[in-house]
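Trainee: Going line by line, the protein sequences match chains A and B. With our numbering applied, the first sequence corresponds to residues 118 to 352, in that order. With our numbering applied, the second sequence corresponds to residues 59 to 329, in that order. C-beta atoms are modelled at their ideal positions from N, C-alpha and C, and glycine is treated no differently. This is the structure I have questions about; it appears just below.
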Amino acid sequence: MSSLVLQRQSLRFRARSYMAFAITPRAPIVDWLADLDANLERSRGFFAGHPVVLDLSGVHLRAPGIAHLVEALEERNIRVLGIEGVDPAAGEAGLPPILRGGRGTPGTESTESGTAAAKAAPRKQSSPSLLVEDPVRSGQSVVFIEGDVTVLGSVGSGAEIVAGGSIHVYGTLRGRAMAGANGNARARIFCHRVEAELLAIDSYYKTAEDIEESLRRGPAQAWLEGSTLKISALN
Amino acid sequence: MAHVLVVTSGKGGVGKTTSTAALGAALAHDGEKVVVVDFDVGLRNLDLVLGAERRVVFDLISVINGVAKLPQALIRDKRLENLFLLPASQTRDKDALTEEGVASVISELRQKFDWIICDSPAGIERGATLAMRHADSAIIVTNPEVSSVRDSDRIIGLLDSKTLKAERGERVDKHLLITRYHAGRAARGEMLSIEDVLEILLTPLLGIIPESEEVLRASNVGSPVTLNNASSAPARAYFDAARRLKGAEIPMLIPIESRGIFNKLFGRKAA
């Protein structure tokens with residue numbers, strides 16, 4: 118019986134991104150650990166419960182040295198989620214996995230480099246939302262994984278908005294809107310007038326065909342209920 | 059002060075070349091010194107629409123490559139002495155256009171003319187982006203039909219990001235020219251209405267050119283429609299658009315269908 122159920126369900130893999138502290142030890146390690154201890158003395162529990170990535174690009178350590186360092190950090194209640202900046206050969210069983218492709222806290226991205234909309238957006242690092250004041254034209258793509266995207270104008274057919282958080286469109290949404298792109302099932306999509314080609318939240322989507330005719334051309338919101346994307350009129 | 063204007067659309071066959079020729083002739087007719095530049099290297103047409111195809115010796119590419127000087131490549135129109143054509147090469151392709159070459163030709167044209175009208179090729183590749191590169195303003199030619207409107211939306215996005223003006227943080231003035239508008243078909247919902255097009259593209263309207271066989275007739279005799287039959291409906295619409303380009307305030311008329319009494323009765327019955 119249980120095997121039957123397993124066969125029916127397909128395995129879903131989804132990528133998620135998280136924020137993690139990256140700490141960068143410097144040689145000599147003994148002095149660096151002493152500095153770290155002094156800092157921890159001042160703010161105890163600073164790293165408690167937070168994932169930490171160990172950036173080893175500043176030091177040359179072999180596997181036993183890395184194991185020793187990871188152990189020293191564990192003793193200080195710093196749990197190492199992964200290591201980066203080392204030769205893949207240095208990765209051994211028992212060590213945290215090697216991470217690649219980490220980015221600093223990024224700003225906005227756009228496939229059409231120099232898209233006026235993305236350029237006009239303020240690049241405040243602390244801001245969890247992106248305001249787009251111009252219409253988003255066909256072929257343009259606004260990607261903002263860090264949070265919400267608000268578009269004051271319309272989103273043209275063939276344009277797309279990808280947001281880590283919710284998407285708000287005060288004009289007509291004719292293109293594609295993908296909210297909760299990093300696995301946030303609580304993200305929503307709001308628009309003043311829905312004529313969308315595709316609405317998606319956390320990888321669950323509906324195409325234009327699936328959007329009820331009675332909702333079209335009116336104000337609407339979309340949210341996720343379990344694994345169903347729901348759309349309702351907003352008024 | 060010279061003004062560089064690009065006529066563009068994204069989609070092919072919507073009337074860029076026809077509009078370039080008609081507007082160029084209308085501006086020249088009103089006393090402006092005008093050059094129309096064909097950027098459709100490899101598929102040139104502007105020479106045919108202007109009836110200058112038998113006088114082409116040098117072209118845009120020969121000027122860019124230094125084979126000819128600019129005055130040698132310019133062809134003066136036989137009807138209007140202040141209308142000139144810089145033809146495209148038919149034997150080369152768009153890769154022959156270089157960024158620096160186009161820049162130097164445009165800056166030289168700026169010394170000589172009031173209006174430099176660049177007829178863009180269809181598409182969004184090299185030819186189209188170089189045609190819009192130096193533009194002060196743009197005319198987006200659109201048919202009232204969904205695919206044309208979406209392509210125009212794409213082109214407007216490119217005008218806002220890929221032009222020199224956009225890169226300097228300024229804005230290219232954009233004007234929408236709706237061509238091949240058929241009042242009857244729009245009324246029957248077989249065509250997008252003017253309001254629909256404006257609502258999607260959010261760009262100021264320069265003119266509405268009605269669908270007319272005059273346009274084809276003019277093109278076949280190698281004459282801009284504004285010169286071939288200046289009193290025809292499309293020619294009058296182009297003349298108004300040209301004057302609006304110069305800043306004149308002319309009320310916009312949306313063409314309506316002239317139906318006979320029988321059509322009217324029949325139309326009512328059907329409704």
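Should T345/A be listed as close to the ligand HEM, given that the test is whether its C-beta is under 7 Å from any heavy atom?
Mentor: With respect to small molecules bound, the structure shown includes none, and the ligand HEM cannot be examined in it.
Trainee: Which value, in whole angstroms, describes the spacing of the CA atoms of E192/A and I146/A?
Mentor: Near 15 Å, if we compare the C-alpha coordinates of I146/A and E192/A.
Trainee: I want to verify the contact list: residues of chain A whose CB lies under 8 Å from the CB of R208/B, in sequence order.
Mentor: Within chain A, the residues near R208/B are S255, G273, S274 and G275.
Trainee: Can you tell which of M310/B, S205/B and G100/B has its C-alpha closest to the C-alpha of A186/B?
Mentor: Of the listed residues, the one whose Cα sits closest to A186/B is G100/B.
Trainee: Evaluate R179/A with the Cβ neighbour count: other Cβ atoms within 10 Å of its Cβ, from every protein chain shown; 16 or more gives buried, anything less gives exposed.
Mentor: Exposed.
Trainee: Any Cβ of chain B within less than 8 Å of the Cβ of P252/A?
Mentor: Cβ-Cβ to chain B under 8 Å: yes for P252/A.
Trainee: Residues in its own chain within less than 8 Å of K74/B by CB, not counting five upstream and five downstream?
Mentor: So the qualifying residues of the chain are V65, T66, S67, D177, S178, A180 and V199.
Trainee: If we call anything under 8 Å between Cβ atoms a contact, is V95/B one with D172/B?
Mentor: The answer is no: Cβ separation not under 8 Å.
Trainee: How many angstroms separate the CA atom of S230/A from the CA atom of L217/B?
Mentor: Residue placement at S230/A is flagged as unreliable, the pLDDT there being 39, under the threshold of 50; the coordinate-derived value follows with that caveat. Taking the straight line from one Cα to the other gives about 13 Å.
Trainee: What residues in its chain sit with their C-beta under 7 Å from that of T156/B, if we drop five residues either side in the sequence?
Mentor: Taken in chain order, the residues that qualify are I122.
Trainee: Does the CB of G305/B have a neighbour CB from chain A at under 8 Å?
Mentor: Judged by the 8 Å Cβ criterion, G305/B is not in contact with chain A.
Trainee: So A193/B packs on T221/B, CB below 8 Å; how close in whole Å?
Mentor: The pair is a contact, with the Cβ atoms about 6 Å apart (cut-off 8 Å).
Trainee: Given this structure, state the Cα-to-Cα distance separating R333/A from D327/A, to the nearest angstrom.
Mentor: One C-alpha to the other measures close to 11 Å.
Trainee: Assuming I197/B contacts L63/B under a Cβ cut-off of 8 Å, what Cβ separation, rounded to an integer in Å, is found between them?
Mentor: Right, their Cβ atoms sit about 6 Å apart.
Trainee: I want to verify the contact list: residues of chain A whose CB lies under 8 Å from the CB of I214/B, in sequence order.
Mentor: Within 8 Å Cβ-Cβ: R254.
Trainee: Distance cutoff 8 Å, beta carbons only. Does L235/B sit that close to anything in chain A?
Mentor: Taking Cβ atoms only, chain A never reaches closer than 8 Å to L235/B, which makes this a no.
Trainee: Is A235/A helix, strand or coil when you go by DSSP?
Mentor: Bear in mind that a pLDDT of 42 at A235/A, under 50, signals an unreliable position, so the model cannot answer this.
Trainee: May I ask you to list, following chain order, the residues of the region 248-278 of chain B that have a beta carbon less than 9 Å from some beta carbon of chain D?
Mentor: The structure shown contains no chain D; its protein chains are A and B.
Trainee: List, in chain order, every chain A residue whose beta-carbon is nearer than 7 Å to that of D231/B.
Mentor: Here the premise fails: no neighbours, minimum Cβ distance about 14 Å.
Trainee: In terms of alpha-carbon separation, which member of A110/B, S210/B, R150/B and S120/B lies closest to I133/B?
Mentor: The candidate whose alpha carbon is nearest that of I133/B is A110/B.
Trainee: Rounded to whole angstroms, what is the Cα-Cα separation between L274/B and D88/B?
Mentor: C-alpha separation (whole angstroms): 24 Å.
Trainee: Quick one, which of P252/A, E201/A and I348/A has its alpha-carbon nearest T324/A's?
Mentor: Considering only alpha carbons, the answer is I348/A.
Trainee: Take E183/B and list the residues in its own chain whose beta-carbon comes closer than 8 Å to its own, dropping the five residues that flank it on each side.
Mentor: So the list reads K152, once near-sequence residues are dropped.
Trainee: Should L341/A and A302/A be called a contact, given that it needs their Cβ atoms to be closer than 8 Å?
Mentor: Cβ atoms of L341/A and A302/A: closer than 8 Å.
Trainee: How is the beta strand (DSSP E) around Q338/A delimited, first residue to last?
Mentor: Q338/A -> beta strand (DSSP E) spans A337 to E342.
Trainee: Can we say the region 277-287 of chain B touches the region 246-253 of chain B, given the rule of at least three CB pairs closer than 8 Å?
Mentor: The region 277-287 of chain B, when compared against the region 246-253 of chain B, does not touch it at the 8 Å Cβ threshold.
Trainee: For the candidate residues D265/A, L248/A, V187/A and A296/A, whose alpha-carbon lies nearest to that of R196/A?
Mentor: Ranking D265/A, L248/A, V187/A and A296/A by Cα distance to R196/A puts V187/A first.
Trainee: Is the region 257-264 of chain A touching the region 278-287 of chain A, taking contact as three or more C-beta pairs under 8 Å?
Mentor: Judged by Cβ distances under 8 Å, the region 257-264 of chain A makes contact with the region 278-287 of chain A, as three or more pairs qualify.
Trainee: Taking just the CA atoms, how far does V115/B sit from G215/B?
Mentor: Their Cα atoms are separated by approximately 36 Å.
Trainee: Take F138/A and list the residues in its own chain whose beta-carbon comes closer than 8 Å to its own, dropping the five residues that flank it on each side.
Mentor: Counting only Cβ-Cβ distances below 8 Å, and skipping sequence neighbours, we find F164, H167, P168, V169 and V170.
Trainee: Kindly indicate which three-state DSSP category K152/B falls into: helix, strand or coil?
Mentor: Reduced to three states, the DSSP call for K152/B is helix.
Trainee: Is E191/A helix, strand or coil by DSSP?
Mentor: Three-state DSSP puts E191/A in a helix.
Trainee: How is the alpha helix (DSSP H) around H87/B delimited, first residue to last?
Mentor: First-last of the alpha helix (DSSP H) with H87/B: K74 to H87.
Trainee: Which of helix, strand or coil does DSSP assign to T200/B?
Mentor: Three-state result, T200/B: strand.
Trainee: State the beta-bridge partners of S195/B as determined by DSSP.
Mentor: Paired residue(s): L63/B and D231/B.
Trainee: Would you mind telling me which residues of chain A sit closer than 8 Å to D194/B, beta carbon to beta carbon, in chain order?
Mentor: Correct list: empty, because the minimum Cβ distance to chain A is about 17 Å.
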